[in-house]
Amino acid sequence: RQFEAEVIAFLAFDARYANTSVYIRTSAKNYLVDCGSTIPNQLWRMNADPNLIDVVYLTHFHADHAFGLAPLLVRMKEDGRSKPLPILGQAGIKTFVERLVNFAYAGAYKTLGFQVQPIEISPKKELRLGTHTLSFHPTRHVVTNLAFRLAFGDFSLFVSGDGEWTDDSEKAFGASKYAVQECYTVEGSRKFHNSYDRIRARVEDESEKPHPERSYLVHVARDQRERLEETVNATTLPLIIPRDMQTYDLN
Numbered sequence: 002r003q004f005e006a007e008v009i010a011f012l013a014f015d016a017r018y019a020n021t022s023v024y025i026r027t028s029a030k031n032y033l034v035d036c037g038s039t040i041p042n043q044l045w046r047m048n049a050d051p052n053l054i055d056v057v058y059l060t061h062f063h064a065d066h067a068f069g070l071a072p073l074l075v076r077m078k079e080d081g082r083s084k085p086l087p088i089l090g091q092a093g094i095k096t097f098v099e100r101l102v103n104f105a106y107a108g109a110y111k112t113l114g115f116q117v118q119p120i121e122i123s124p125k126k127e128l129r130l131g132t133h134t135l136s137f138h139p140t141r142h143v144v145t146n147l148a149f150r151l152a153f154g155d156f157s158l159f160v161s162g163d164g165e166w167t168d169d170s171e172k173a174f175g176a177s178k179y180a181v182q183e184c185y186t187v188e189g190s191r192k193f194h195n196s197y198d199r200i201r202a203r204v205e206d207e208s209e210k211p212h213p214e215r216s217y218l219v220h221v222a223r224d225q226r227e228r229l230e231e232t233v234n235a236t237t238l239p240l241i242i243p244r245d246m247q248t249y250d251l252n
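Residues are numbered in my numbering as their position in the sequence shown, beginning at 1, plus a constant of 1.
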């Protein structure tokens, strides 16, 4: 069977784990979705090739999802990256990236030695990269968060970033073959975050609503992880709590 994709999940919001980020390897392009401050070291441990990443996407501009971008870019420069790097994000992405890099390393943005291509995306418009279709879906979070959906052929993957589902992001989740979904709590008791109860209800829905074949639950609050693991392990639902740096084959 033709290779489709694999994901490596870097986990989050717990001192025992790195920030939430997902590396997606496909036969055409490699994506890094979010890049918190702890992610560059994880990425370099996995593969130090400065040309490894073809596209970076930031779901939102919080530190645990974006502040690792500066050291990542500077390390790419030092190691001789030779190809452009598209960085996708919501309105303001160009200013955000430039200011972040220059704040971390004064004046470094203009001396990176390779082309950084900030691309502003919109939830109302799909983006085509070769045979890949990327779409972006708002959630309810304390700042603007746009979930990411990658589709090609019969493959599709949804990556939520942070936040409660809106009708649009819940529909995108359900329409995807696989999902990397924020699951901050077991019950829906924290505003602006998704919960296991809501995800379970969506997956258990016996109506005609579709749901992913597998959902990987990430961005778990540090006081919720043990209970969530016990809850998930007690079910037969297609819900998985990924392990840090673990590779998951999505063929």
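All C-beta atoms in this analysis are idealised placements derived from N, C-alpha and C, irrespective of residue type, glycine included.
If you keep only unbroken alpha helix (DSSP H) runs of at least 4 residues inside the segment 168–245, you get 168–175, 197–205, 226–234. For Phe159, the closest C-alpha among the options Leu251, Ala49, Asp55, Gly37 is that of Leu251.
Here Thr27 is buried. Its C-beta has 16 or more other C-beta atoms within 10 Å. Per DSSP, Pro119 is one residue of the beta strand (DSSP E) stretching across 117–121. When the alpha-carbon of Val187 is set against those of Phe62, Val98, Val221, Ala173, the nearest one is in Val221. Around the beta carbon of Asp224, fewer than 16 other beta carbons lie within 10 angstroms, which makes this residue exposed. Contact check between the segment 75–84 and the segment 106–117: three or more CB pairs, one atom from each, fall below 8 Å, which counts as touching. The DSSP-derived three-state label of Arg141 is strand. In the structure shown, the three-state DSSP call for Lys126 is strand.
Residue environment analysis places Asp155 among the exposed positions, since fewer than 16 neighbouring C-beta atoms fall within 10 angstroms of its C-beta. Remark: fewer than three beta-carbon pairs, one from each stretch, lie closer than 8 Å, so the segment 97–112 and the segment 128–145 are not flagged as touching. Between Thr60 and Leu147, the C-beta gap is smaller than 8 Å, which places the two residues in contact. Listed in chain order, the non-local C-beta contacts of Arg201 below 7 Å within the same chain comprise Leu238, local neighbours out to five positions each way being set aside. One thing to note: Pro139 has its Cβ within 8 Å of the Cβ of Pro124.
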